[in-house]
Amino acid sequence: MPRSLNCIKKGRTVHIQSIDNCSHCKRHLEEMGFIPGTPVEVCRCCNKGPLVVAIRGGKVMLGQEMARYILVK
88 MPRSLNCIKK GRTVHIQSID NCSHCKRHLE EMGFIPGTPV EVCRCCNKGP
138 LVVAIRGGKV MLGQEMARYI LVK
């Protein structure tokens, strides 16, 4: 069952299933490399602060609100 990226614990690697948001945010995330099927490793997470993930050879910082729209499995 898919879960939001902001619910994944540090050190876990998951694969993007879909992005559930408006088309503008979806396009922005896809331009950053968040494409369905892509593996993502959670490097840093906390309940109130930003999430840091490793994706496609780099690291990206996402706010909790944005990470909530990225569904992973």
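Counting from 88, one number per residue, gives the positions in the sequence shown under my numbering.
We put the CB at the ideal spot given by N, CA and C, even for glycine.
All values reported here derive from a predicted model rather than from experimental measurement.
| query | result |
| --- | --- |
| To the nearest whole angstrom, what separates the beta carbons of K146 and C130, a pair I think is in contact under 8 Å? | 6 Å |
| Within 10 Å of its beta-carbon, does I103 have 16 or more other beta-carbons around it, so buried, or fewer, so exposed? | buried |
| When the Cα atoms are used, what is the spatial distance from R143 to E128? | 10 Å |
| Going by beta carbon distance, what residues of the same chain come within less than 8 Å of K160, once the five residues before and after it are set aside? | M88, P89, R90, V101, H102, Q104 |
| According to DSSP, is R155 part of a helix, a strand, or is it coil? | helix |
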